[in-house]
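Residue numbers (my numbering): 1 to 605.
Just so you know, even glycine gets a beta-carbon here, dropped at the ideal spot from N, CA and C.
Only a predicted model underlies this, so the values are computations on that prediction, with no experimental measurement involved.
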Ligand SMILES: Cc1ncc(C[n+]2csc(CCOP(=O)(O)OP(=O)(O)O)c2C)c(N)n1
Ligand SMILES: [Mg+2]
């Protein structure tokens, strides 16, 4: 068979239904093989970056590998930002890049190029993939496909890339006669002693907290098993943004999110805990804050992570990880079943009550000035609450970055079958729309809500055409605050409000988004008023999509509460009165080490 047919069929047999990409001289055979495969289609994006992001969104939504195809040179290099999203969030994707024919490769010659659009793709992608290789001999294709696929999903998942010279794509191959890849056997981890230590810690704890992160969403750990753990432990649960949809918002044990952008209830909970069991989260700086010594300073910390390096990275840096359990979340959940010892009920129920009181006492409130005369706006937090009421029960919500990500992550109230994701760790502007496209193809019949900022949308505006071309069930919620809201706030903190490059008055160009969307063929709905927002959302969700909602957000709406430099997590801005802080804190005040640089305390998205 033709080599490109083998490559495509290999991936189709493993769950790929759609290949995202743009064709080009070095990719025509791959595109042709997809077109002629009875169970696969290609989806033309307007940019290869969007193709990589769509493949990433496909993988996150389906639990299967996502795939993209590009030509050599610029086609391949354009993938980079999307591949980084998959790498830093551990998402399995398979990138296929066309390359110039082997007889046109420069090899060891000291020139920059010989073949047209020749580029050293593997070396560009090596640091952000789990496996990257250029095919040198047609008969090695089976080995590389099997190895790349295995590594994409093995351990901590991630992207892989194969660079395929044009002449080899059209070579005739006999896969059954080729050498394959045989992974080294791995035994099941023995977690018995870890589980014993964990249950001992739990038995002694008075203020235990379970922290769940994006690692719990790997396909191998079904939601139901995570929920079982939560229910059998019976202790308060905090979620990182990447894990915010793991537990439905009305679950009695769910305190919510926490970290640099709050909410305060979550931060009081983590800071006052005496035991933290962190599962599937690397405890990034966005949740610990910069002052590591001040983070959960009276707690024993247990981390469960498949990647040992994530658990040792704190050594000597202010956080002591008491117990490190190296395991995939699914294996950990299996090992723990039946061994969970709920801590002494009297103390934990008082602790649980306390976390509930914090939620009631410190709700999220929008902070902004009045609307510009002649315009009308909605408050971002109130809008996200209204949106939560209208989202269909099995909606996929994909969020971009900036203020829109902060408000949505903190205030969205996920229901049991809804999924929510963003490119949490790479966080490029312009991710949500292409990832929504991938999500829509991954789960036919399920609607997708794309939350994006006006700044982020400008980086992927062309993908509106892709949405319309395929008439995808996507509702776009454009949080239109006429500028880069998060950057405005950063400048207020660090540069006394000397705004540069953050709004039209400082050089940003925006079109009238409603007009653009209408001209392209979208049904456009404007939401600029609290009184009519519910009705307009009902209208948006009565329609299968595509729908474009231009949501006018207060241009100066703050991302509050926020951690300022040098402060421990419980002491967010706007600062609470010190008597309130003293009343709420169970653990003692943080006394900074004079040798620690207080500027390490801030963080940004
Ligand atoms: C590709 C890329 N460039 C720059 C940034 C830095 N950055 C993060 S958010 C942001 C502004 C986003 O503006 P917008 O999409 O309108 O979101 P808002 O904060 O207004 O909701 C910028 C410039 C980034 N994350 N990604
Ligand atoms: Mg904006």
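Collapsing the DSSP output to three states places residue 247 in coil. Sequence-distant partners of residue 538 (beyond 5 residues in either direction) whose C-beta falls short of 7 Å from its own C-beta, in its chain, are 390. Around the beta carbon of residue 13, fewer than 16 other beta carbons lie within 10 angstroms, which makes this residue exposed. Annotation: the continuous alpha helix (DSSP H) that includes residue 34 extends over 28-36. Of the heavy atoms belonging to ligand 2, at least one sits nearer than 6 Å to the Cβ of residue 454. When 470, 560, 507 are compared, the shortest CA-CA separation from residue 484 is found for 507. Taking a cut-off of 8 Å on C-beta distances, the stretch 171-181 touches the stretch 139-147, as three or more cross pairs fall below it. Annotated as distal: residue 188 and residue 97, with beta-carbon spacing of 7 Å or more.
In the DSSP assignment, residue 523 falls within the beta strand (DSSP E) that extends over 523-527.
Where residue 412 is concerned, there is no enclosing alpha helix (DSSP H), because DSSP gives it neither an H nor an E. Inclusion of residue 72 and residue 117 in the CB contact set at 7 Å is warranted, their separation being smaller than that value. In this structure, residue 550 has its CB at a distance of at least 6 Å from all heavy atoms of ligand 2.
For residue 217, the secondary structure class from DSSP, reduced to helix, strand or coil, is helix.
In the three-state scheme derived from DSSP, where H, G and I count as helix and E and B as strand, residue 377 is classed as coil.
Listed in chain order, the alpha helix (DSSP H) runs fully inside the stretch 421-508 are 432-442, 454-458, 463-469, 485-494, counting runs of at least 4 residues. The alpha-carbon of residue 242 is positioned some 22 Å away from that of residue 455.
Per DSSP, residue 330 is not a residue of any beta strand (DSSP E); the alpha helix (DSSP H) it occupies stretches across 329-336. For the stretch 44-101, the continuous beta strand (DSSP E) assignments of 3+ residues that do not extend past its boundaries occur at 66-70, 93-99, in sequence order. Annotated as proximal: residue 19 and residue 67, with beta-carbon spacing under 7 Å. The Cβ atoms of residue 527 and residue 547 lie no closer than 7 Å to each other.
Taken through DSSP and simplified to helix, strand or coil, residue 254 comes out as strand.
Counting only runs of 4 or more residues that sit fully inside the stretch 109-153, the alpha helix (DSSP H) segments are 121-125, 141-153, in chain order. Residue 250 and residue 414 have their C-alpha atoms spaced approximately 8 Å apart. Beta-bridge analysis with DSSP links residue 161 to 95, 132. Under the criterion of beta carbons closer than 8 Å, residue 280 and residue 369 do not qualify as touching, at roughly 40 Å. Listed in chain order, the alpha helix (DSSP H) runs fully inside the stretch 528-604 are 530-541, 578-584, counting runs of at least 4 residues. If you look at residue 304, you'll find it in the beta strand (DSSP E) that goes 300-305. The Cβ-Cβ distance between residue 372 and residue 411 does not fall below 7 Å.
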